[in-house]
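S.K.: Would you mind keeping the following structure in view while I ask a few things?
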């Protein structure tokens, strides 16, 4: 149980902020409170509400960040074997499960330059069994300044350990713990937990182990995990659903021959006793949200877990959302770890821009790490060879991050003005910063081979990365032309086998892969999987396949084959508003050719794409006739 949590100099909070679970002496909800003892009662639920950008999510992020700091060292490979031997398989699995979702890395308050050199502070008061603990932690630029753990038993408080610049104090239970060779960047709490099984430490650590994070703006809920939880306790899950007035009496799962999930169905029992079956994808957003959260809550209640739930009122998704692509998110459910998204288009169509525009801001927003493996030419910016990065990415950073005008031809032609050079350096510095804090990693391939990329996947997935881009997918260097298509199909299967969900032996990460369509597609208006030609089978392992083409001149508003484009607006975002396509702007269509989480080819998404500046914006949706 948690009593209170406070933090300072973190994200949008400069001064100390505290969330307090201590119940006030109001008798109205007496029976709903958690009774610790005759004098202390705690709130079972605490809701935080406020305007957009008000810092609601930062409260959850701060506690989740502290959890990550404490638990990350315990799941490093070097200690896995030791922990398995000492604690048993169940315990190490718990340690791994404890870090299923992380929102952010340490981040000081950015609106005051003085805060950069001040420590970020965390302070949490909690209880395990009959013991009350207070854990204090302060760090500055990844250097630990203060770390204290106190325990209260029968009204008496003692220091379990204290750590500051002057040294370390250990209580009697910790005598014999060797701290001489301890890595100073490690939390002392984590270090001791890794070395020995000491009750006073293990009890406190169990609090962090049982914290569960759910983000309904980005709920990384793997279908296999969800199904396993439902099937293990199907009766109770359905009983809870029915208690909410939803007539679902059963949930059925159908599997493919390889054991992967084909489809999830809900069975509704009508008042007449008649039963009707729906695909889970056909249920309302609210119903899907309820089905996704109930098995997790039931499991957590049994373990006395602390739940941190962000964006509970957000629409349901199944993965990391695409940035500023509301329609695409609604249709596909975002990027679910354990799956592949394919993005195809003709050469120079803007696949790279589309991919980065949708993924980079989203991973940064939600504190996820992203690795981009590139098969493209780099550019040397300065004569002193300080930075070497793909020109496409530099242009993207300038226009999308700093909102400063920079066109591709300027970077291409060289002969930079001082102003342009300063902007390019600022863009390169941004990439360096994201690289140094492990938010963004660029890996160039001079000679692409799928097995090299798989090694990259394994390396960075073990470091906690869940999102990858492969730009662009092609045959292995040196592949024989007579078997190139078969090799590409097999290579895609190998990639999927590597990234699929953990229950099936994979890394459980998401990979977005760009690929090039045949030149014959340039003459076609409606795109489908047939556009891939001989390599059509590469789509089979993917959960989502998107294809990109330009809007033709005769498809603009007022022309012979003008597209009927709409957007949603008004109250509850339900009003269908026509959109005119400006002939002075460049538009593209995104075809959803495969969609495991929803309908495919029902609509096409219309985007405005400034290809000179790498700026992409979703403007609406349309429906291209299949028989065009």
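In our numbering, the protein residues as written are 5 to 632. Beta carbons: idealized from backbone N, C-alpha and C, even for Gly.
Report yes if the C-beta of residue 517 is less than 8 Å from at least one heavy atom of the ligand MN; otherwise report no.
M.R.: Inclusion of the ligand MN in the displayed structure is not the case, the ligand content being empty and no account of it being possible.
S.K.: Please report the distance separating the alpha-carbon of residue 158 from that of residue 133.
M.R.: 12 Å
S.K.: Spatial neighbours of residue 196 within its chain, please: CB distance less than 8 Å, with the 5 preceding and 5 following residues excluded, ordered by chain position.
M.R.: 165, 178, 181, 202 and 205
S.K.: Are there three or more Cβ pairs, one per stretch, closer than 8 Å when the region 16-24 is compared with the region 68-77?
M.R.: no
S.K.: Answer yes or no: do residue 125 and residue 142 have a C-beta to C-beta separation smaller than 9 Å?
M.R.: Contact flag set, yes.
S.K.: Run the CB neighbour count on residue 414, radius 10 Å, all protein chains shown included, and call it buried at 16 or more, exposed below.
M.R.: buried
S.K.: Quick one: what does DSSP say residue 168 is sitting in, helix, strand or coil?
M.R.: strand
S.K.: Take the Cβ of residue 129 as the centre, count every other Cβ of all protein chains shown within 10 Å, and call the residue buried at 16 or more, exposed below.
M.R.: That one is buried.
S.K.: Within 10 angstroms of its Cβ, does residue 259 collect 16 or more other Cβ (buried), or is it exposed?
M.R.: Exposed: under 16 other Cβ atoms inside 10 Å.
S.K.: In its own chain, which residues sit with a C-beta less than 7 Å from the C-beta of residue 280, not counting the 5 before and 5 after it?
M.R.: The beta carbon of residue 280 sits closer than 7 Å to the beta carbons of 272 and 274 from its chain, once the five residues preceding and following it are set aside; these are given in chain order.
S.K.: Does DSSP put residue 278 in a helix, in a strand, or in coil?
M.R.: Taken through DSSP and simplified to helix, strand or coil, residue 278 comes out as coil.
S.K.: Please state the DSSP three-state secondary structure of residue 256.
M.R.: In the structure shown, residue 256 sits in a strand (DSSP, three-state: E or B).
S.K.: Which value, in whole angstroms, describes the spacing of the CA atoms of residue 207 and residue 25?
M.R.: If you draw a straight line from the Cα of residue 207 to the Cα of residue 25, it comes to about 21 Å.
S.K.: If you drop the 5 nearest sequence neighbours on each side, which residues of the same chain put their C-beta closer than 8 Å to that of residue 502?
M.R.: Excluding residues within five positions, the ones whose Cβ falls inside 8 Å are 458, 461, 462, 510 and 511.
S.K.: Which value, in whole angstroms, describes the spacing of the CA atoms of residue 9 and residue 173?
M.R.: 24 Å
S.K.: Which first and last residues belong to the beta strand (DSSP E) in which residue 201 is found?
M.R.: Element bounds for residue 201: n/a, residue is neither H nor E.
S.K.: Mapping DSSP to helix, strand and coil, what is residue 617?
M.R.: coil
S.K.: Tell me whether residue 627 is buried or exposed, calling it buried when 16 or more other Cβ atoms sit within 10 Å of its Cβ.
M.R.: exposed
S.K.: Can you tell me whether residue 581 is buried or exposed, with buried defined as 16 or more other CB within 10 angstroms of its CB?
M.R.: exposed
S.K.: Kindly indicate which residue of 625, 621, 571 and 618 has the alpha-carbon position closest to the one of residue 596.
M.R.: The residue with the shortest Cα to Cα distance from residue 596 is 625.
S.K.: Name the one or two DSSP bridge partners that residue 122 has.
M.R.: Residue 122 is not bridged to any residue.
S.K.: For the beta strand (DSSP E) containing residue 597, name the first residue and the last one.
M.R.: 591-599
S.K.: Which first and last residues belong to the alpha helix (DSSP H) in which residue 457 is found?
M.R.: 454-465
S.K.: Are the region 346-355 and the region 516-523 in contact at 8 Å, needing three or more beta carbon pairs?
M.R.: yes
S.K.: Am I right that residue 619 and residue 403 are in contact with their C-beta atoms under 8 Å? What's the rounded C-beta distance?
M.R.: Sure, about 5 Å apart at Cβ, within 8 Å.
S.K.: Judging by CA-CA distance, which residue of 269, 417, 77 and 256 is the nearest neighbour of residue 284?
M.R.: 269
S.K.: How long is the line joining the alpha carbons of residue 22 and residue 138, rounded to whole angstroms?
M.R.: 14 Å
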